[in-house]
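Below is one structure, written out as structure tokens; comments come after it.
Residue numbers (the numbering used here): 1289 to 1458.
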């Protein structure tokens, strides 16, 4: 009896395309980014629009929260299962603790090892901590929004492995 709603995370292997409603917020997915790399379009994009990929990553993260909040505010039927995979805080970190954009020009999604070599472990850890503060605040706001809209709602928040960076030295 539930309508299922899913938001595109940008990665097809975790996208719930068989949901009753699948919402794609318009950013490129990992296949489209890979095509841009193979064809050389990413080099051109970096030269002309050095923040294109980082801006798209930021946008996907913010759009996931926005779509989830709009679902909670009753824009859809109340008997629904909404699945929102926020692909963060995977590298690179694109927000500081206040939600302002971090400088990550020339970025394409990469692993944490590349980010650590680019910034150093200390800067990487500071950037990660700041982004986590911002994301935690957005998550709490989202849960509060859902619970205000429907006090009987069930909200499940879970995390995957997160960033794979080595732990900080004590």
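Ideal placement from N, C-alpha and C gives every residue a C-beta, glycine not left out.
Practice task
Given a cut-off of 7 angstroms, decide if residue 1295 and residue 1382 are closer than it, judged by their beta-carbon atoms.
Solution key: Within the chain shown, numbered from 1, the residue matching residue 1382 stands at position 94. Within the chain shown, numbered from 1, the residue matching residue 1295 stands at position 7. Not a contact, by the Cβ cut-off of 7 angstroms.
Problem - Length-filtered (4 minimum) alpha helix (DSSP H) runs lying within the segment 1334-1409 - result: 1340-1358, 1400-1407
Handout entry: Proximity below 7 angstroms, CB of residue 1357 to CB of residue 1293
Key = Indexing the chain shown from 1 puts residue 1357 at position 69. Indexing the chain shown from 1 puts residue 1293 at position 5. No, the Cβ-Cβ distance between residue 1357 and residue 1293 is not below 7 angstroms.
Practice task
From the DSSP output, in three-state form, read off residue 1311 for me.
Solution key: If you number the chain shown from 1, residue 1311 lands on position 23. DSSP places residue 1311 in strand when its eight states are reduced to three.
Practice task
Assuming residue 1376 and residue 1349 form a contact by the criterion Cβ under 8 angstroms, report the distance between their Cβ atoms to the nearest whole angstrom.
Solution key: Taking the chain shown and counting its residues from 1, one reaches residue 1376 at position 88. Taking the chain shown and counting its residues from 1, one reaches residue 1349 at position 61. Contact flag correct, Cβ pair sits at about 5 angstroms.
Exercise for the section: Look up residue 1437 in the DSSP assignment and say whether it is helix, strand or coil. Expected result: Taking the chain shown and counting its residues from 1, one reaches residue 1437 at position 149. In the structure shown, residue 1437 sits in a helix (DSSP, three-state: H, G or I).
Problem - For residue 1291: DSSP bridge partner residues - result: Against the chain shown, residue 1291 aligns to sequence position 3. Paired residues: 1368.
Problem - DSSP-derived helix/strand/coil call for residue 1306 - result: Translated into the one-based positions of the chain shown, residue 1306 becomes position 18. The answer is coil: DSSP assigns residue 1306 none of H, G, I, E or B.
Practice task
Could you check if residue 1419 is buried or exposed, using at least 16 other CB atoms within 10 Å of its CB as the buried criterion?
Solution key: Translated into positions along the chain shown, residue 1419 becomes position 131. Buried.
Handout entry: Contact under 7 angstroms by Cβ, residue 1426 with residue 1319
Key = The residue given as residue 1426 occupies position 138 in the chain shown. The residue given as residue 1319 occupies position 31 in the chain shown. No, these two residues do not count as a Cβ contact at 7 angstroms.
Exercise for the section: Grab me the residues of residue 1300's own chain with a C-beta within less than 8 angstroms of its C-beta, minus the 5 sequence neighbours each way, in chain order. Expected result: For this step, residue 1300 is matched to residue 12 along the chain shown. Around residue 1300: 1317, 1318, 1319.
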